[in-house]
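*Asks:* Note that the protein sequences, when read in sequence, are chains A and B.
Residue 4 is where the first sequence starts when you use the working numbering, and the numbers rise one by one after that.
Residue 1433 is where the second sequence starts when you use the working numbering, and the numbers rise one by one after that.
Positions of the beta carbon are idealized from the N, C-alpha and C atoms, including for glycine.
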Amino acid sequence: MERKQLKRHIKWSDYTGIILVVLVFMLFALTTDTFLSSSNIYSILYGVSIQFFAVIGFTFLIIMGEIDLAVGSTYCLSGIFVGYLYAAEGWPLWLAIVVVLAACGMFGYAVGVLVTRFRLNSMMVTLGSMSFVAGVAAVMFNSFVQTTYSQQYRAIAKWKIGQIHWTIIGMILITIILEICLKRVPVFRKMYYIGNNGETSLLYGIKVDRIKRIAFMLSALTAALGGIISTSRISYSSLATGEGLEFSLITACVVGGASLDGGRGSILRSLLGMLLLAMLTNGLSIYRIDPFIQNIVTGAILILAVFVDVRLDKKGARA
Amino acid sequence: MSEKDIALEIRNVAKNYGNIKALRDISLTVHKGEIHALLGENGAGKSTLIKIISGEISSTEGTVVVNGKKLTTFHPTVSRSMGVAVVHQELSVFENMTVYENIFPYTEGKKAFVPKKKLIQEAQKSIERFGLNISPTEKVSNLTASAQQMVEILRALSENANIILLDEPTSGLNAKETEALMRILRQLREEGISIIYISHRIAEIVQISDCVSVLRDGCYMGTFVNDESLTEHMLISHMVGRDFEKSIYAKKVSAIKDDTPVAFEVQGFTSKKGIEDVSFSVRKGEILGVVGLEGSGTAELSRMLFGLQSREKGEIYFEGNKIPHINPTEMIRHGIMYLSNNRKDMGLYFNMSIMDNVVTPSLNSMTSGGLLSEHKMQDHTLEFVNEFSIVLDSIYDKPGSMSGGNQQKAMLSVCLGVHPKVMIINEPTRGIDVGAKLEILQFLDKLAKEGCTILCFSSDLPEIITLSDRVLIMNSGKNAGIIECDEISETSIMHLAVMDMKERAAWNENS
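(1) So the candidates are B:N1592, B:L1613, B:I1596, B:A1555; which of them puts its Cα closest to the Cα of Q1581 of chain B?
(2) From the DSSP secondary-structure annotation, give me the bridge partner or partners of Y1652 of chain B.
(3) Are the C-beta of H12 of chain A and some C-beta of chain B separated by less than 9 angstroms?
(4) With a threshold of 8 angstroms on Cβ separation, who are the neighbours of S1924 of chain B within its own chain once the five nearest residues in sequence on each side are excluded?
(5) What's the C-alpha gap between V25 of chain A and G1867 of chain B?
(6) So is N1838 of chain B in contact with chain A if we call contact Cβ pairs under 9 angstroms?
(7) With respect to the beta strand (DSSP E) encompassing S1711 of chain B, which residues constitute its N-terminal and C-terminal limits?
(8) Would you mind sorting Q1874 of chain B into buried or exposed? The rule is 16 or more other CB atoms within 10 Å of its CB.
(9) In three-state terms, what does DSSP make of D1811 of chain B?
(10) Let's test the definition: count the other Cβ atoms within 10 Å of the Cβ of T1610 of chain B and tell me whether it reaches 16, buried, or not, exposed.
(11) Just the Cα atoms here: how many angstroms apart are T35 of chain A and A141 of chain A?
(12) In angstroms, rounded to a whole number, what distance separates the CA positions of A1555 of chain B and I1535 of chain B?
(13) Excluding five sequence neighbours on each side, which residues of the same chain lie with their C-beta closer than 8 angstroms to the C-beta of V1445 of chain B?
(14) Kindly indicate if chain B contains any beta-carbon less than 9 angstroms away from that of E182 of chain A.
(15) Name, please, each residue of chain A whose Cβ falls closer than 7 angstroms to the Cβ of V1854 of chain B.
(16) Taking C-beta pairs closer than 7 angstroms, name the residues in chain A that I1764 of chain B reaches, listed in chain order.
(17) When burial is assigned at 16 or more other CB atoms within 10 Å of the CB, is F38 of chain A buried or exposed?
(18) Quick one: residues in its chain with C-beta nearer than 8 angstroms to the C-beta of L1523 of chain B, no 5 flanking neighbours on either side, listed in chain order?
(19) Whole angstroms are fine: how far does the CA of L1740 of chain B sit from the CA of E92 of chain A?
(20) Which residues mark the beginning and the end of the beta strand (DSSP E) in which G1746 of chain B is found?
(21) Quick one, which of A:S46, A:G20, A:I172 has its alpha-carbon nearest T284 of chain A's?
(22) Is E1493 of chain B helix, strand or coil by DSSP?
(23) Whole angstroms are fine: how far does the CA of I167 of chain A sit from the CA of V101 of chain A?
(24) Extract the residue ranges of the alpha helix (DSSP H) inside the stretch 1859-1909 of chain B, only unbroken runs of 4 or more that lie entirely within it.
(25) Do E1664 of chain B and I1630 of chain B have their beta-carbon atoms positioned less than 9 angstroms apart in this structure?
(26) How far does the alpha helix (DSSP H) with M1736 of chain B in it reach, from first residue to last?
(27) Name, please, each residue of chain B whose Cβ falls closer than 7 angstroms to the Cβ of K193 of chain A.
(28) How many Å lie between N1774 of chain B and G82 of chain A at the Cα?
(29) Write down the C-beta distance between K1464 of chain B and A1439 of chain B rounded to the nearest angstrom, noting that I regard them as a contact closer than 8 angstroms.
(30) What residue range is occupied by the uninterrupted alpha helix (DSSP H) comprising A99 of chain A?
(31) Within a Cβ cutoff of 8 angstroms, which residues of the same chain sit near S204 of chain A, ignoring the five residues on either side of it in sequence?
(32) Using the rule of at least 16 other Cβ atoms within 10 Å of the residue's Cβ for burial, across every protein chain shown, is A1687 of chain B buried or exposed?
(33) When you compare only the Cα positions, how much space is there between Y207 of chain A and L1804 of chain B?
(34) Tell me, please, which residues DSSP counts as bridged to E1697 of chain B.
(35) Cβ closer than 7 angstroms: which chain B residues qualify as neighbours of Q8 of chain A?
(36) Between A57 of chain A and G229 of chain A, is the Cβ-Cβ spacing less than 9 angstroms?
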């Protein structure tokens, strides 16, 4: 009898992300010559591995039904900020990075306080902080002479472990670790409870506000980390860094099966979503398709993903 | 009666969900101007039947004939246009809109523009028709639960429905409000409107209905005309298929000795609006019932005691020590737990599995080596599934797959998972069937005997009388008195609950 009470229904919606990634991969692999080359695949992975940092904290927030629209502008600011302290002010690089990460983290925490203490809508608050941070980035950008950064700053993104960039190895390790944490470590698991029903979570003693504030901090912190590495990769600061990142992260999370209502999503799923988007951009470029048309495709994929997800979920619920 | 008098006819209706037969071969007839009660335990199929009539779900077999016309498509709009209106168990008002906007939500499609003034007038008319005291321009979120319920009923009537389905309309109402509702229903009956009335309160059904149809496990057990011969016991035995000896409620004999140490003491609880200087203490293993009419502050007090609502003043002492911060996390850490009266909004996670739900407050102890153990969580959950004989398919299903009574048992399991020393419970048996109700009451009694201290907030007087060692009565936000076990009766409780108010009303009139 007990065995019967333990049976599980397969939820197809759990697999939409991976199925889409495989389909798109197959499509490009079979129809183009260059897509499957190891250098092309590697470059996709490397590109994703840097942006990946920004999706870590962002995903935590999405799981809890919150959002941080300031990821893109934080991503932009952090690289400039480090450049300013390091190149213009002459600070040691490590100290500049630590200070910038701490500053961004504190700013994220402050946003978290606004959202939790004063019950403000996070989309509205971070719409404001997005603009705020972007403004700070622009002012800072104009306050010192822009050049290509020195070898030391540029080396961060290029450091390799064996033959492979550290960011790729980091991405894989972090994904594995956080995936296990989200499933099996209570404090991470509680994020799903919060996302499903914050009031109920409060009732059962989950420290909803504290967990949210920490997640806002992490979101800013991981976005800043990604931004620093990204700046290091392109070797100079640019106000275009991280432009529109918030929307591609939302797309990635949703394609990966998250819901903006909260309660769903995971780091692996977000990563799958990012890989899907990166493969699309890459594959469509191989086809020499206009970047604007790529936007159309990305948009269509997002709508399709949401649609398929809802359909499958309904079926799953009925079974 | 002739064919013409028939408002609703259900012929051989069946509903299957996969292999589960929710309804089998139901046939019944509702006449015009009749209050037809639908009775059955939870999971008996009452709500399913209501949803078929209102067009929310389609039937697998059989036909539904409304006012002489066969329902061919099952859709809420279709049923509504044929004169069927529903008032659901869970309130579904638009909280951020005004009363009149709630009463006339459907008018937009028919006419391009109806002047606001006219709508307000119409709303006022329908409010006055039933002698209610609600302002049509008031925001619904400012109304009490019972007034919101009335607004829902007025909405149903605004569509000129001649068949009204009421699903547990009194579950959120106190005795006085229930009486007001009964009056309205009788008035509607006089006007020739048919009412299908679902309730677990058998006394109420016997009091108001013309006839009673009983469902059990999806089967039709018969329709009984409500004349002199119909008794509560008879109905209960049809519902559960067994005879209850005497009343289901037995008066409690308190076994709490006077020298039992105090486990939970409340001092000077005061809130900005409502609660004034409430103090009391509860001994270990004691069940203290807390009752009061709606608006007396019982709901507010229970939320304040667990830190779900802020307080102006007041302290809680647990086993003699002051609890420094009153918030849910701290309270649970001290071994104090809260059973919510609202499974949907605050109580259960309807998008997570039953197992995920049951382990919620115990997550931190479900680990081995820092990681959550699937085995521990399964064992923990199955322990409660067996203890309460919760009927479910799989613990990996969502709570929505269970009946209300089983959901309630699941929610109780969530709370008991932390082995609480004090339980603050709210409406432990609201909206669930007699069988599950008895089980839960027996369990709470056993729990107290094992040493758990219980504060039971309930509007169900018989339940309070069966459970409580002592009863605290709230009146206008104040502690109106505590009745010792041997003096507890419905009259002694109601006396304290209403007395002060009457005096006040008289005083107001004179001044």
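*Replies:* Inspection of the coordinates gives the following:
(1) Within the second sequence, residue 1581 of chain B is the residue found at index 149, counting from 1. Selected option, being the one with the closest Cα: B:L1613.
(2) Position 220 of the second sequence holds residue 1652 of chain B. Under DSSP, Y1652 of chain B shares a beta bridge with B:L1647.
(3) Residue mapping note: residue 12 of chain A aligns to position 9 of the first sequence, counting from 1. Chain B, which has a Cβ nearer than 9 angstroms to the Cβ of H12 of chain A, makes this yes.
(4) In the second sequence, counting from the first residue as 1, residue 1924 of chain B sits at position 492. If we look at S1924 of chain B and ignore the five residues flanking it on each side, its Cβ neighbours are I1915.
(5) As a first step, residue 25 of chain A is located in the first sequence; it is residue number 22 there, counting from the start. As a first step, residue 1867 of chain B is located in the second sequence; it is residue number 435 there, counting from the start. For V25 of chain A and G1867 of chain B, the distance between alpha carbons rounds to 52 angstroms.
(6) As a position in the second sequence, residue 1838 of chain B is number 406, starting the count at 1. No - not a single Cβ of chain A is within 9 angstroms of the one on N1838 of chain B.
(7) In the second sequence, the residue the question calls residue 1711 of chain B occupies position 279. It spans 1710-1715 - the beta strand (DSSP E) in which S1711 of chain B sits, taken as one unbroken run.
(8) Counting from 1 along the second sequence, the entry for residue 1874 of chain B is found at position 442. Here Q1874 of chain B is exposed: its Cβ has fewer than 16 other Cβ atoms, across all protein chains shown, within 10 Å.
(9) Position 379 of the second sequence, counted from the first residue, corresponds to residue 1811 of chain B. Per DSSP, reduced to three states, the secondary structure at D1811 of chain B is helical.
(10) As a first step, residue 1610 of chain B is located in the second sequence; it is residue number 178 there, counting from the start. The residue in question, T1610 of chain B, is buried, as its Cβ has 16 or more Cβ neighbours within 10 Å.
(11) On the first sequence, residue 35 of chain A is found 32 positions in, with the first residue counted as 1. On the first sequence, residue 141 of chain A is found 138 positions in, with the first residue counted as 1. Those two C-alpha atoms are separated by around 41 angstroms.
(12) Translated into the one-based positions of the second sequence, residue 1555 of chain B becomes position 123. Translated into the one-based positions of the second sequence, residue 1535 of chain B becomes position 103. C-alpha separation (whole angstroms): 7 angstroms.
(13) Working through the second sequence from its first residue, we reach residue 1445 of chain B at position 13. Excluding residues within five positions, the ones whose Cβ falls inside 8 angstroms are L1455, D1457, I1458, S1459, L1481, I1484, S1491, E1493, G1494, T1495, V1496.
(14) Indexing the first sequence from 1 puts residue 182 of chain A at position 179. It does not; no Cβ of chain B falls within 9 angstroms.
(15) Along the second sequence, one-based indexing puts residue 1854 of chain B at 422. The premise fails here: V1854 of chain B is roughly 14 angstroms from chain A at the closest Cβ pair, so nothing lies under 7 angstroms.
(16) Locating residue 1764 of chain B in the second sequence gives position 332, counting from the first residue. Near I1764 of chain B (Cβ distances below 7 angstroms), the residues of chain A are G208.
(17) For the purposes of this step, residue 38 of chain A is taken as residue 35 along the first sequence, with counting starting at 1. Buried.
(18) Sequence index remark: in the second sequence, residue 1523 of chain B carries index 91 (1-based). If we look at L1523 of chain B and ignore the five residues flanking it on each side, its Cβ neighbours are A1577, Q1580, Q1581, E1584, G1604.
(19) As a first step, residue 92 of chain A must be located in the first sequence, where it is residue number 89. As a first step, residue 1740 of chain B must be located in the second sequence, where it is residue number 308. Rounded to the nearest angstrom, the two C-alpha atoms are 50 angstroms apart.
(20) In the second sequence, residue 1746 of chain B corresponds to position 314, counting from 1. That run of the beta strand (DSSP E) goes 1745-1750.
(21) If you number the first sequence from 1, residue 284 of chain A lands on position 281. Looking at the Cα atoms, A:S46 is the closest of the given residues.
(22) Reading the second sequence from its first residue, position 61 is the one you call residue 1493 of chain B. Here E1493 of chain B sits in strand by DSSP.
(23) If you number the first sequence from 1, residue 101 of chain A lands on position 98. If you number the first sequence from 1, residue 167 of chain A lands on position 164. When rounded, the distance between both Cα atoms is 25 angstroms.
(24) Complete alpha helix (DSSP H) runs here, min 4: 1866-1881, 1893-1899.
(25) Within the second sequence, the letter at position 198 stands for residue 1630 of chain B. Within the second sequence, the letter at position 232 stands for residue 1664 of chain B. Result no, Cβ atoms of I1630 of chain B and E1664 of chain B do not sit closer than 9 angstroms.
(26) The residue you call residue 1736 of chain B lines up with position 304 of the second sequence. It spans 1730-1737 - the alpha helix (DSSP H) in which M1736 of chain B sits, taken as one unbroken run.
(27) On the first sequence, residue 193 of chain A is found 190 positions in, with the first residue counted as 1. Going along chain B in sequence order, the residues near K193 of chain A (Cβ under 7 angstroms) are L1795.
(28) Here residue 1774 of chain B is taken as the residue at index 342 of the second sequence, counted from 1. Here residue 82 of chain A is taken as the residue at index 79 of the first sequence, counted from 1. About 49 angstroms.
(29) Counting from one through the second sequence, the residue named residue 1464 of chain B turns up at place 32. Counting from one through the second sequence, the residue named residue 1439 of chain B turns up at place 7. Their Cβ separation, rounded to whole angstroms, is 5 angstroms, which keeps K1464 of chain B and A1439 of chain B in contact under 8 angstroms.
(30) Looking up residue 99 of chain A in the first sequence gives position 96. Residues 96-120.
(31) The residue labelled residue 204 of chain A in the question sits at position 201 within the first sequence. So the list reads K193, Y196, I197, V211, once near-sequence residues are dropped.
(32) As a first step, residue 1687 of chain B must be located in the second sequence, where it is residue number 255. With fewer than 16 other Cβ atoms within 10 Å, it is exposed.
(33) Residue 207 of chain A sits at position 204 when you count from the first residue of the first sequence. Residue 1804 of chain B sits at position 372 when you count from the first residue of the second sequence. Straight-line Cα distance between these residues: approximately 18 angstroms.
(34) Walking along the second sequence from the start, residue 1697 of chain B turns up at place 265. DSSP lists B:S1713, B:Y1749 as partners of E1697 of chain B.
(35) Indexing the first sequence from 1 puts residue 8 of chain A at position 5. Result: L1814, V1817, L1824, S1826, I1827.
(36) Residue 57 of chain A sits at position 54 when you count from the first residue of the first sequence. Residue 229 of chain A sits at position 226 when you count from the first residue of the first sequence. For A57 of chain A and G229 of chain A, yes; Cβs fall inside 9 angstroms.
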